[in-house]
Amino acid sequence: MVIKGLRKLTLLDFPDKVACIVYTGGCNFRCPFCQNAVLVEGGGEYVSDEEFFAFLKERKGRLDGVCITGGEPLIQKGIAEFAEACKYLGYAVKVDTNGYMPDVLEDMFKRKCLDYVAMDVKNSAPKYALTAGLPGLDISRINRSIDLIMNSGVDYEFRTTVVKEFHDENDFHEIGKRLKGAKRCYLQKFRDEGGTLMAGLTAPADAEMSKYSEILSAYVDEVNIR
183 MVIKGLRKLT LLDFPDKVAC IVYTGGCNFR CPFCQNAVLV EGGGEYVSDE EFFAFLKERK
243 GRLDGVCITG GEPLIQKGIA EFAEACKYLG YAVKVDTNGY MPDVLEDMFK RKCLDYVAMD
303 VKNSAPKYAL TAGLPGLDIS RINRSIDLIM NSGVDYEFRT TVVKEFHDEN DFHEIGKRLK
363 GAKRCYLQKF RDEGGTLMAG LTAPADAEMS KYSEILSAYV DEVNIR
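The numbering of the sequence shown is the working numbering, which starts it at 183 and goes up by one.
Written out as structure tokens, the structure is:
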């Protein structure tokens, strides 16, 4: 595992858990609006496995969970074993993923080393490659991950970062159809905090966010705006 950062406490990122966040380096997508561009490019401060697990042992009884995010965690060799080691120490494990590594995701479900999965759904199928910054993207890999998550028995959420230049009402009708019957989906308004891979992107208006949420609510059980 290539750990490129550690946040020692979060009350927001793992539902109903007091958790830490592990940031992994590298990603197989190049989303123009990515806020973790440094991690995508493999930057960040290296944290050894030994240092991290020493931290977990020291925090037993004070933390409930470990959030593994990135970058894209599922490109990491040994990610399943890493999650299993966290579970062995008594921690619940959440992983954030872009859904482009369904074989790895399936293996982790089989190993029962995940307690929560958050998958980014970037856009409707025709605009997925553009939004992910990956020409030639294989949408079947995204679809397979969605199906795996919805049928895993593990708690989950889907989420979409909404960017004015990339999304419109039709996209959310298409996203809704693909996620039909899903438990929950969150919409996240893009925020330009600097350091994105593309300059000049903007956030949708609040009214647009509300409309997109209304559209998704016809397909997904619970839709919220973050």
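Ideal Cβ placement from N, Cα and C applies to all residues, glycine included. None of the values given here were measured: they were computed from a predicted structure.
Residue-level contact to chain B via CB, residue i, 8 Å cutoff
i      : result
Ala300 : Among the chains in the structure shown there is no chain B, since it carries only a single protein chain.
Residue i (DSSP reduced to helix, strand or coil)
i      : result
Cys216 : coil
Asp337 : strand
Tyr228 : coil
Glu390 : helix
Ala236 : helix
Thr384 : coil
Glu124 : In the structure as shown, the chain begins at 183 and stops at 408. Residue 124 is therefore absent and cannot be evaluated.
Tyr310 : helix
Met283 : coil
Lys359 : helix
Whole-angstrom C-beta distance between residue j and residue i, which should lie under 8 Å
i      : j      : result
Val344 : Phe372 : 6 Å
Phe348 : Asn280 : The Cβ separation is near 15 Å, so there is no contact.
Ile203 : Cys268 : At roughly 12 Å, the Cβ-Cβ gap does not stay under 8 Å, so Ile203 and Cys268 are not in contact.
Met380 : Gly260 : Incorrect: roughly 32 Å between the Cβ atoms, too far for contact.
Gly187 : Val229 : 7 Å
Gly247 : Ala201 : 4 Å
Lys346 : Ala385 : 6 Å
Phe237 : Ile185 : That belief does not hold up - the Cβ atoms of Phe237 and Ile185 are roughly 11 Å apart, past 8 Å.
Ala364 : Met391 : That pair is no contact at about 19 Å.
Proximity test, residue i beta-carbon vs the ligand FAD heavy atom, cut-off 7 Å
i      : result
Ser334 : With respect to small molecules bound, the structure shown includes none, and the ligand FAD cannot be examined in it.
Own chain partners of residue i with C-beta closer than 7 Å, once the 5 adjacent residues on each side are dropped
i      : result
Tyr368 : Glu339, Arg341, Asn406 and Arg408
Arg293 : Ala262 and Glu266
Phe354 : Tyr394, Ile397 and Leu398
Leu383 : Pro214, Phe215, Val345, Glu347, Phe372 and Asp374
8 Å CB neighbourhood of residue i in its chain, flanking five on each side removed
i      : result
Thr378 : Pro214, Phe215, Cys216, Gln217 and Ala219
Ser399 : Val405
Glu288 : Leu330
Asn325 : Arg360
Residue i - partner residues in DSSP beta bridges
i      : result
Met290 : DSSP lists no partner for Met290.
Lys242 : Leu245
Ala201 : Thr192 and Gly247
Arg366 : Glu404
Ile185 : Thr206 and Val229
Asp278 : Ala300
Cβ shell of residue i (< 6 Å), same chain only, five flanking positions each side left out
i      : result
Tyr298 : Lys276 and Asp337
Arg282 : It is Tyr, not Arg, that sits at residue 282 in the sequence shown. Here the set comprises Asn210 and Arg323.
Arg366 : Glu339 and Glu404
Leu316 : Phe211
Leu256 : Thr279, Met283 and Val286
Proximity of residue i and residue j at Cβ, strictly below 8 Å
i      : j      : result
Leu221 : Tyr205 : yes
Lys393 : Glu356 : no
Lys307 : Ile321 : A small correction: the amino acid at residue 307 is Ala; Lys does not occupy that position in the sequence shown. Taking 8 Å as the Cβ cut-off, Ala307 and Ile321 qualify as a contacting pair.
Thr425 : Asp278 : Because the chain spans 183 through 408 in this model, residue 425 falls outside it and cannot be assessed.
Ser327 : Phe291 : no
Gly208 : Glu254 : yes
Cys295 : Ala274 : no
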